[in-house]
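Taking it in order: structure first as structure tokens, then the write-up.
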Amino acid sequence: MHGSSASSHSRLAALALAALGVVYGDIGTSPLYAMKEVFAGNHPIPLNEANVLGSLSLFFWALIVVVSLKYVAFIMRADNRGEGGIMALIALALHDAAGNRRRQKAVVIIGILGAAMFYGDGMVTPAMSVLSAVEGLEIASPGLDHFVIPITLLVLFALFAVQKRGTATVGALFGPVMVLWFSCLALLGIGAILHNPHVLLALNPLYGVKFLLANQAMALVAMGNVVLAVTGAEALYADMGHFGRRPIQLAWFTFVLPALVLNYFGQGALILAHSDAIQNPFFLSAPKWALYPLVGLSTVATVIASQAVISGAFSVTRQAMQLGFVPRMEVQHTSEKEQGQIYLPGVNWGLFCAVAVLVLGFKSSNNLAAAYGIAVTGDMVITSLLATAVVARVWGWGWPRAIALFTGFLVVELTFLSANVMKIPDGGWFPLVVGVAVFVMMTTWKRGRQLLAERLQGEALQLLPFIDSIEVAPPVRVPGTAVFMNADPNGVPHALLHNLMHNKVLHERIVIVSVKIFDVPYVPEIDRVEVHRLKENFYQVIVQYGFKDDPDIPRALELAAEAGLRFEMLETSFFLGRETLIPRLGSEMAFWREKLFVALFRNAGSATTFFKIPTNRVVELGTQVVL
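According to full-length UniProt numbering, the sequence shown is numbered sequentially starting from 1.
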């Protein structure tokens, strides 16, 4: 018994170390730029003792209220079978709203907006983090300032280029590197605090309140910079499925939070003693001999932070793909053991291009800070709105208690959001434009798929009457098995009708396969396949996946053997419908959105690749559909 307890403790510690490397990279690299932005950013506030103590107080209490209370204590309890993130929250809220179309529509719109904001944040984070780390070279040797942007682009290109190799090998180093990083944060902070322990007064929230009351004109500007300290909080929830709730909580309270607080207060102590240190208080808090190693460690830490965002973008895209919010695209698995380790070439290089444009366009972390924050705060507000519904209905707290709980968080987050609205002219427009573009694309794809399904449904025949007609007037049957993919298990696939119409034959055995994606992360293997035997050697096979499962139709059909349906692949042909879409004026969707949907549909990945069907066994039959 004692041995099993020790084993569980060591496993918890190992998972907490791994979580430290993946989950806390983004929030852990905020000290590189957060304090500097308050007093030396695009909208600096006057540097005096009251403002420093007030800002430190706001930093500390933002970490307590937004990260510790909202995310670590409450949001992480809103898991969907152990999985977290915006898609899991949408699935939970949708499950509760079943039967109420208006509530479902509201949940989908809010959720898609949150996912869209995530992509905006995902573009700014790598640019901001890596650039702020490499800018340490300017402090170590001012003559190297011309190399900052080229080195940043080189580091970022290398980061995106290695994605196709997977993160398993590099990931083993993430935990120890981040332990070293947070240890350095704490040591740098302690060294400065010992010279000026007066800054610890800022732990009192009254200093933050006094600061906001005394600087009413600048209060929103200051809050817009304070939010930089909590960027990355959403990663705690998004990555919960990889590590579990307890390891992430353990790492936060025992290591990450103390290190961050010590470093922020250390920077505050330094700039109170040396006001000229405000140009870069993080690097100037280190002794000169340690500057180059610290620049190197910072760069590695920001690469790790960026890796978490990129992996998150891959994961969210695949989940959105499964739930029908984005077109099919190529998904490569980079690990034989870990299903979650995937690589999406299109997303990867699209992100890199956006990140490179940001670095070349904004040129410094000071300028990029203006673009940072609005997507993060928007995502936080949306998470709170969805979580309120989940807490009220799924947890059974009721609306009054749920609203009372999340109103406090929303007041803080809406203040942050209002503050970041002021940054829109300085660069905040970029993640907003990205977010709006992603939102339009996702809603257009979702609505377009619904319209296409309605058009096909309107022309479809019901399966059972069709089989009855075959029994009355049987066509020629040829040897072998024909598998027809069809969204509706009770309808006759268009490809089957076309094959019968043009070739005048049916195969000896007809299998109609329908894939259903459920709003749970994974479907157990035992529930993967349902087989229904019909007359005339027809079979219905319903294959069930969760939104994080990896669709594999040949593998699913192997499982059908237990129900008496065995497949010989060399004697099996897969028939897929290939629709050619024609937009029309006066449809249920705006003409420009129809054109966009047609373009997305034309460029979507093939069902053959997505479902891992052997290409040499596939027959595609085309049809035209007027939207």
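Ideal Cβ placement from N, Cα and C applies to all residues, glycine included.
Keep in mind the model is a prediction, meaning the values are calculated, not measured.
Annotation: the continuous beta strand (DSSP E) that includes Arg578 extends over Thr572 to Ile582. In terms of Cβ geometry, Ile374 and Lys423 form a close pair [threshold 8 Å]. Within the same chain, and ignoring the five residues on either side of Thr152 in sequence, the residues whose Cβ sits closer than 7 Å to its Cβ are Val130, Leu131, Val134 and Val359. In the three-state DSSP reduction, Val492 falls in the coil class, being neither helix nor strand. Between Asp239 and Val23, the alpha-carbon positions lie close to 6 Å from each other. Here DSSP, grouped into helix, strand and coil, assigns Gly546 to strand. A Cβ-Cβ distance of about 6 Å is found for the pair Ile512 and Pro493, placing them in contact under the 8 Å criterion. Within the same chain, and ignoring the five residues on either side of Ser275 in sequence, the residues whose Cβ sits closer than 6 Å to its Cβ are Leu47. Counting along the chain, Ala313 sits inside the alpha helix (DSSP H) bounded by residues Leu291 to Gln322. Comparing alpha carbon positions, the residue from Ile75, Ala320, Ala235 and Leu497 closest to Phe466 is Leu497.
Ile109 and Thr443 have their C-alpha atoms spaced approximately 8 Å apart. Under DSSP, Thr481 forms a beta bridge with Arg509 and Thr572. Taking a cut-off of 8 Å on C-beta distances, the segment 31-42 touches the segment 212-225, as three or more cross pairs fall below it. In the displayed model, His532 falls within a strand according to three-state DSSP. DSSP places Tyr343 in the strand class (E or B) of the three-state scheme. Look at the beta carbons and you see the segment 431-442 touching the segment 111-124: at least three pairs across the two are nearer than 8 Å.
Counting along the chain, the unbroken beta strand (DSSP E) around Val625 starts and ends at Val618 to Val626.
Residue state for Ser418 is assigned as helix, using DSSP reduced to three classes. DSSP places Lys288 in no alpha helix (DSSP H); its state is neither H nor E. DSSP lists no bridge partner for Phe74. Excluding five sequence positions before and after Met117, the CB atoms of its chain that fall closer than 6 Å to its own CB belong to Ala375, Gly378, Asp379 and Gly435, given in chain order. The alpha-carbon separation between Trp399 and Phe362 amounts to approximately 44 Å. A straight line joining the alpha-carbon of Ser183 with that of Leu20 spans about 12 Å. Our two residues, Ser573 and Arg165, have alpha carbons roughly 34 Å apart in a direct line.
Leu15 and Glu234 have their C-alpha atoms some 19 Å from each other.
Spanning the alpha carbons of Val179 and Tyr71 requires a straight line of approximately 22 Å. In the three-state scheme derived from DSSP, where H, G and I count as helix and E and B as strand, Ser384 is classed as helix. For Val148, the enclosing alpha helix (DSSP H) covers residues Val148 to Ala161. By the Cβ rule, the segment 86-93 counts as touching the segment 304-324, because three or more pairs are nearer than 8 Å.
Counted as a single uninterrupted DSSP element, the alpha helix (DSSP H) harbouring Pro465 occupies residues Leu463 to Val472. The closest CA to that of Ala320, considering only Pro281, Gly546, Ala192 and Ser306, is found on Gly546.
For the pair Pro554 and Ser514, the CB atoms are not nearer than the 8 Å cut-off. For Thr609, the enclosing alpha helix (DSSP H) begins and ends at Ala607 to Phe610. Counting only runs of 4 or more residues that sit fully inside the segment 48-133, the alpha helix (DSSP H) segments are 49-62 and 86-96, in chain order.
Non-local beta-carbon contacts of Ser298 in its own chain, meaning distances under 7 Å to residues more than five positions away in sequence, involve Leu32, Ala133 and Gly136 in chain order.
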